[in-house]
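Residue numbers (our numbering): 377 to 705. Glycine included, C-beta positions come from ideal geometry on N, C-alpha and C. Report on the structure given below.
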């Protein structure tokens, strides 16, 4: 992170948090080697391939992702060179980074924090970001890993103060405030700023870090950060599968895609459904239990049934009140 960036983008509260309250998590050694290789313009594929092939398990996982529905290649690939020819060096780098970072953060102390759910949501966000980018014509080769890491600040905040962070999550559920709102009230900053600071210190590209910092605030517009908009929508799509209020969230995504990208409700539903299908596959490739990820159509059906029950209950209450008033008269 450059000095100018640090002064302009980091609040005093955030700087104090990292200086006093927490030791920065370090990126895995393999991730550092990959990032360093990418910075070298010459022979970057050979350098990256050499790093990856030193870990046969990592190589096998990368090939499985390359052959998954995420990329939809016409023919199976069985070597890194073949995979790179079809999906590109940048995609190879991002898949490798994703695996080593997720694996490294599997051993953090969990307590009341649901680490499995965190990675389910993060991987689904990554898949959603990649899928959305393809649908809306966004050219961002880092969008998958950006989607994966955009909420890493949540995990850092939990590790810094587990007891208070779990309390914040309870407060969010009770007050219906956003995660960012309750974080700012407690810390003076939110997890997007933590993610930005941490990933900048790791040496990830500035453009990627800035999009991650803006993913909950950026709106589609003439001079917007398109990657940040896609990341925000990807996060909402992930919450349809791993959160609550799925009906309202799907309507928000539908509205945003119709207004910003002229996608029809039918196309949006297909997109969200394909994210769920791809995510189940990719989550398992990260050796994480995908849990009960229902198809989007089933989620919507169950949500509408619940809404119908609520409306019926409301109608019954109104009817009872009318009867009571008539009897009183």
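Beta-carbon to beta-carbon, residue 428 and residue 438 are separated by about 6 Å, close enough to satisfy the 8 Å threshold. It is roughly 30 Å from the alpha-carbon of residue 502 to the alpha-carbon of residue 388. When the beta-carbon positions are compared, residue 570 and residue 505 stay at least 9 Å from each other.
Following the DSSP letters along the chain, one finds residue 475 inside the alpha helix (DSSP H) bounded by residues 465-480.
Straight-line spacing of the CA atoms in residue 572 and residue 511 works out to 26 Å.
Exposure of residue 493 is indicated by the presence of fewer than 16 other C-beta atoms within 10 angstroms of its C-beta. Between residue 593 and the set 526, 546 and 620, the nearest pair of CA atoms involves 526. Counting of Cβ neighbours within 10 angstroms places residue 638 among the exposed residues, the total staying below 16. Collapsing the DSSP output to three states places residue 581 in coil. Annotation for residue 616: the continuous alpha helix (DSSP H) segment containing it runs 602-618. The C-alpha of residue 611 is placed about 21 Å away from the C-alpha of residue 576.
Straight through space, the alpha carbons of residue 537 and residue 586 are spaced by roughly 25 Å. Sequence-distant partners of residue 455 (beyond 5 residues in either direction) whose C-beta falls short of 7 Å from its own C-beta are missing from its chain.
Under the three-state reduction of DSSP, residue 535 is assigned to helix. Nearest C-alpha to residue 669 among 472, 499 and 531: 499.
Secondary structure of residue 668 (DSSP, three-state): coil. Inclusion of residue 442 and residue 471 in the CB contact set at 9 Å is warranted, their separation being smaller than that value. Per DSSP, the unbroken alpha helix (DSSP H) holding residue 657 starts and ends at 641-661. DSSP, read as helix, strand or coil, puts residue 409 in helix. In the DSSP assignment, residue 488 falls outside any alpha helix (DSSP H) and carries neither an H nor an E.
Contact check for residue 617 and residue 652: beta-carbon distance about 6 Å, within the 8 Å limit, so the pair qualifies. Under the three-state reduction of DSSP output, residue 395 falls in the helix class. Pairing residue 407 with residue 477, the inter-Cα distance amounts to about 7 Å.
Taken through DSSP and simplified to helix, strand or coil, residue 508 comes out as helix. Contact between residue 473 and residue 484 is absent: CB atoms are separated by about 18 Å, not below the 8 Å threshold. A check of alpha carbon separations from residue 589 across 447, 614 and 568 identifies 568 as the nearest.
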